[in-house]
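2 protein chains.
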Amino acid sequence: MQAIGAVAKRTGLKVPTIRFYEQEGLIDAPGRTDSGRRLYADADVRRLSFIRHARTLGFELDDIRSLLDLTDHPERSCADADRIARVHLAEIEQRLVQLSALKTELTRIVKSCAGGKAAQCRVIEALADHVHCEADHAPVKPVKRATQSRRAPPAKRRRS
Amino acid sequence: MQAIGAVAKRTGLKVPTIRFYEQEGLIDAPGRTDSGRRLYADADVRRLSFIRHARTLGFELDDIRSLLDLTDHPERSCADADRIARVHLAEIEQRLVQLSALKTELTRIVKSCAGGKAAQCRVIEALADHVHCEADHAPVKPVKRATQSRRAPPAKRRRS
DNA sequence: GCTACATGCTCTAGTCACTAGAGGATCAAG
DNA sequence: CTTGATCCTCTAGTGACTAGAGCATGTAGC
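Structure follows, in C-alpha cells:
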C-alpha cells in the first residue's frame with residue numbers, strides 16, 4: 685500500500701492527474717487512511733500505468749475506458765481493443781500525412797524570407813495568400829495531447 | 685460590404701468563429717447595419733483569410749496576433765515573423781518524429797492481435813507493458829488544432 | 001400584406017485532459 | 001515542538017472553438 689505521491693513517482697503521472705482519473709471513474713476510489721489519505725495497491729499502480737501508456741500513445745480517455753473495460757472482462761472478445769487500436773493507428777497515419785504537407789509548405793515559406801521589412805516579407809505574404817500553396821495541406825484533426833509535456837509554461841498574453 | 689454569412693463562405697470560417705475572432709481582438713469590430721448586423725469590407729475578408737490560413741498551418745492565435753501586428757506595421761523588420769515561423773516549423777518536425785515513433789509501436793501492437801479473448805489479447809497486453817517498447821515514444825506536445833475538423837461528432841459518454 | 005424560412009444577434013455553457021491555486025490538515029524527521 | 005513535505009477538497013483556468021437558447025431581422029414567393 686502506497687500513498688499517492690509514491691504512485692505518482694512509479695507511474696510517471698502527476699498527483700492531481702491521478703485524482704482526476706479517479707474522479708473520471710478510470711480507477712476505483714482507493715482505500716483511505718484514518719486521516720483520509722489515499723492508499724493504493726499494486727493493482728491500482730498497474731492500472732494507472734496502463735492508462736499512462738495508452739495516453740502516451742495518444743488514446744483518448746474514452747478509448748482507454750473501453751480498453752480498461754476489456755481488461756476487467758478477460759473472457760470477452762478482444763475485437764474491440766483491436767478495432768480501437770486500428771482506428772487510432774489510421775488517425776495517426778492520416779495526421780502524419782497532413783503534418784508532412786504542413787512541413788513542406790512551412791519550409792518553403794521560411795526559406796523564402798530574406799530579412800528586411802515586413803512590407804516585403806515573404807513569410808507574411810505566403811501566409812496571406814493561400815493561393816501559393818496547391819491546397820496540399822488540408823485542415824487537420826485536433827490531436828489528443830499526451831501526458832506530461834513539460835515544456836514552455838503558458839505564455840502570458842501579449843497585445844499590440 | 686458583406687454580411688457575416690457571406691464572409692464565412694468566402695473565407696471558409698464558420699460564422700461563430702468569425703465572431704469569436706472579433707471578440708479576441710484579431711479583427712476590428714466591423715461596421716453595422718441599422719438593425720445591428722455586421723458588415724465586412726474586403727480588407728476584413730483578407731485579414732480573416734490570413735488568420736484561417738495561419739490556423740490551417742497550425743499557428744496559435746497568439747502567434748497569429750503577432751503576425752497580424754506585423755502586417756499592420758509594414759515598416760518593421762520581419763525578423764519576428766521569420767522567428768515565429770521557424771519555431772513553429774521546428775515544432776512540426778519534432779512532432780513528426782514523435783508521431784512516427786507512435787505509429788511504429790502502434791503498428792507493432794495492432795499486428796500482434798490474432799483475435800480471441802481479451803485475456804490473451806496482445807493489444808491489451810502491449811498497452812499494459814510499456815516494457816515491450818524501448819521508450820522510443822516520448823510524451824508528446826499538445827498540438828494546436830487546426831480549423832474546422834468536421835469529423836466525428838463528440839461521442840456521448842459511455843460507461844461500463 | 002402575409003407567411004415561411006434563412007440569417008442574424010447576444011449570452012451562456014460545454015468540449016478535452018488536464019493544471020494551478022487557495023486554504024487547510026496531517027505526517028515524518030530532527 | 002517546529003519545519004517542511006505531503007496530503008486533502010474545491011474552484012477556476014487553459015485553447016480554440018462549438019452548441020444551444022431565445023429572440024430579432026431579412027427575403028422570397030404568394
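Respectively, the protein sequence lines represent chains A and B.
Residues in the first sequence are numbered from 685 upward in steps of one, following my numbering.
Residues in the second sequence are numbered from 685 upward in steps of one, following my numbering.
Backbone N, C-alpha and C fix where the C-beta goes; we use that ideal spot for every residue, glycine too.
Nothing here was measured: the structure is a model prediction, and the numbers come from that model.
- According to DSSP, residue pairing for Leu-732/B in a beta bridge does not occur.
- Around the Cβ of Asp-718/A, a 10 Å sphere holds fewer than 16 other Cβ atoms; the residue is exposed.
- In this structure, DSSP gives Gly-720/B a state outside helix and strand, which the three-state scheme calls coil.
- Around Arg-716/B, the same chain offers Arg-722 and Leu-723 as residues with beta carbons nearer than 7 Å, after the five sequence neighbours per side are excluded.
- Contact between Val-729/B and Val-691/B holds, since their C-beta atoms are separated by about 6 Å, short of 8 Å.
- Taking C-alpha positions only, Ser-761/B is separated from Gly-742/A by approximately 39 Å.
- The CB of Val-794/A comes closer than 8 Å to the CB of Asp-766, Ala-769, Arg-770 and Leu-773 in chain B, given here in chain order.
- The Cβ-Cβ distance between Asp-766/A and Val-807/B falls below 7 Å.
- Non-local beta-carbon contacts of Ala-713/A in its own chain, meaning distances under 7 Å to residues more than five positions away in sequence, involve Glu-706 in chain order.
- Taking Leu-811/A as reference, the option from Leu-786/B, Ser-733/B and Gly-696/B with the minimal CA-CA separation is Ser-733/B.
- By the criterion of at least three beta-carbon pairs nearer than 8 Å, the region 738 to 756 of chain A is in contact with the region 786 to 799 of chain B.
- Under the three-state reduction of DSSP, Gly-689/A is assigned to helix.
- The residue from Asp-747/B, Leu-745/B, Thr-701/B and Arg-694/B with its alpha-carbon nearest to that of Ala-727/B is Arg-694/B.
- Using a 10 angstroms sphere on the CB of Glu-759/B, the tally of other CB atoms stays under 16, which defines it as exposed.
- When CB distances to chain A are screened at a threshold of 8 Å, the residues of the region 688 to 717 of chain B falling below it are Gly-709, in chain order.
- Between Ile-776/B and chain A, the shortest Cβ-Cβ separation is below 7 Å.
- Rounded to whole angstroms, the Cβ separation of Lys-787/A and Leu-780/B is 6 Å, and the two are in contact under 8 Å.
- Put simply, the CB of Ala-738/A is near chain B, with a gap under 7 Å to one of its CB atoms.
- At a C-beta separation below 8 Å, Leu-732/A has no neighbours in chain B, since its nearest C-beta there lies roughly 11 Å away.
- A straight line joining the alpha-carbon of Ala-687/A with that of Arg-736/B spans about 48 Å.
- Rounded to whole angstroms, the separation of the alpha carbons of Arg-703/A and Asp-747/B is 34 Å.
- Inter-residue distance for Ala-725/B and Arg-731/B is about 10 Å (C-alpha atoms, whole angstroms).
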